[in-house]
Amino acid sequence: MSKTHEIKVTKRELQRKGASRRLRHAGVIPAIVYGGNAEPVAISLDHNEIWLAQQNEWFYASILDLNLDGQVQKVLLRDMQRHPYKQLIMHLDFQRVNENEALTASVPLHFINEDTSPAGKAADVVVTHELKEVTISCLPKDLPESIEVDLADLAAGDVVYLSNIKLPKGVEIPALALGKDHDDAIVTAKHGKEDAADAEEAPAAE
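Start counting the sequence shown at 23; every next residue gets the next number (the working numbering).
Structural data, given as structure tokens:
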């Protein structure tokens, strides 16, 4: 289970874009909380606090406790709008979670023991991480901040698939229920010459 992280928020009235612009100039991020049986609530958050928080994986893949005047709502971040070139967060969307209902979230994959694996120690083998995160389904209490993929036995020619991931208790990968075609590769280990041959064949196939 992932840890929860508390963030203080302030309620705001739903207003026009001009009001949101003024909030951002004041160092405040406009946001919305929706979902569940309650009405959407417009809130604001301190930009500096969120800017630091969003540099951590947990901000994107953990249950967040939004503290509004002492009342805590458990939510997941569902959308973040950034300024195209400034270090500025424009808007956030949070979705309420119910502890008794399964949720769907994307969590990062952490690859371990790659350097000490047969493929990792081979000079002529290229290890590629095809996926960096995976979409899972679970109850909020079972939501992990990340999932480890142990590559200790990875050898040249191996392919690691979604179905090879050892999932924490209570966690599922919905894509696997859709059939083998959705069992995507997450790691490949190829000889360097093999990669070069693939690159040469690609233009010829067009």
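Quick reminder that beta carbons are idealized off the backbone N, C-alpha and C, glycines included.
Distance between beta carbons of residue j and residue i, contact taken as under 8 Å
{"i": "Val149", "j": "Gly214", "result": "Their Cβ separation, rounded to whole angstroms, is 11 Å, which puts Val149 and Gly214 out of contact at 8 Å."}
{"i": "Glu121", "j": "Pro162", "result": "5 Å"}
{"i": "Ile85", "j": "Val119", "result": "6 Å"}
{"i": "Glu155", "j": "Ser128", "result": "5 Å"}
{"i": "Asp172", "j": "Ile134", "result": "6 Å"}
{"i": "Ile72", "j": "Ile54", "result": "The Cβ separation is near 14 Å, so there is no contact."}
{"i": "Asp132", "j": "Glu170", "result": "Reading off the sequence shown, one finds His at residue 132, where the question assumed Asp. Confirmed, about 5 Å."}
Residue i, buried or exposed, once every other Cβ within 10 Å from all chains shown has been counted against 16
{"i": "Gln95", "result": "buried"}
{"i": "Pro106", "result": "exposed"}
{"i": "Pro62", "result": "exposed"}
{"i": "Leu88", "result": "buried"}
{"i": "Lys212", "result": "buried"}
{"i": "Leu200", "result": "exposed"}
{"i": "Ala83", "result": "buried"}
Which of helix, strand or coil DSSP assigns to residue i
{"i": "Lys188", "result": "coil"}
{"i": "Ile195", "result": "coil"}
{"i": "Leu165", "result": "coil"}
{"i": "Asp206", "result": "coil"}
{"i": "Tyr56", "result": "strand"}
{"i": "Ala48", "result": "coil"}
{"i": "Ile85", "result": "coil"}
{"i": "Val171", "result": "strand"}
N- and C-terminal bounds of the beta strand (DSSP E) containing residue i
{"i": "Ala127", "result": "125-134"}
{"i": "Leu99", "result": "93-104"}
{"i": "Lys33", "result": "27-33"}
{"i": "Thr138", "result": "Careful: Thr138 lies outside any beta strand (DSSP E) and carries neither H nor E."}
{"i": "Ala117", "result": "For clarity, residue 117 is Gln in the given sequence; the question names Ala instead. From DSSP, the beta strand (DSSP E) with Gln117 extends over 111-118."}
{"i": "Glu155", "result": "155-160"}
Separation of residue j from residue i, as counted between CA atoms
{"i": "Asp206", "j": "Ser159", "result": "17 Å"}
{"i": "Arg100", "j": "Phe116", "result": "5 Å"}
{"i": "Pro140", "j": "Ala174", "result": "8 Å"}
{"i": "Ser168", "j": "Pro130", "result": "5 Å"}
{"i": "Asp180", "j": "Thr210", "result": "6 Å"}
{"i": "Arg34", "j": "Glu28", "result": "19 Å"}
{"i": "Gly142", "j": "Glu152", "result": "16 Å"}
{"i": "Ile208", "j": "Gln103", "result": "28 Å"}
{"i": "Tyr56", "j": "Asp91", "result": "18 Å"}
{"i": "Asp146", "j": "Leu67", "result": "50 Å"}
{"i": "Leu45", "j": "Phe81", "result": "22 Å"}
Limits of the alpha helix (DSSP H) - the one that residue i falls within
{"i": "Tyr183", "result": "Unbroken run through Tyr183 is the beta strand (DSSP E), 181-183; no alpha helix (DSSP H)."}
{"i": "Glu71", "result": "69-75"}
{"i": "Gly201", "result": "No alpha helix (DSSP H) contains Gly201, which DSSP labels as neither H nor E."}
Test: residue i CB closer than 8 Å to a CB of chain B
{"i": "Glu136", "result": "Going by chain labels, chain B is absent from the structure shown, which holds only one protein chain."}
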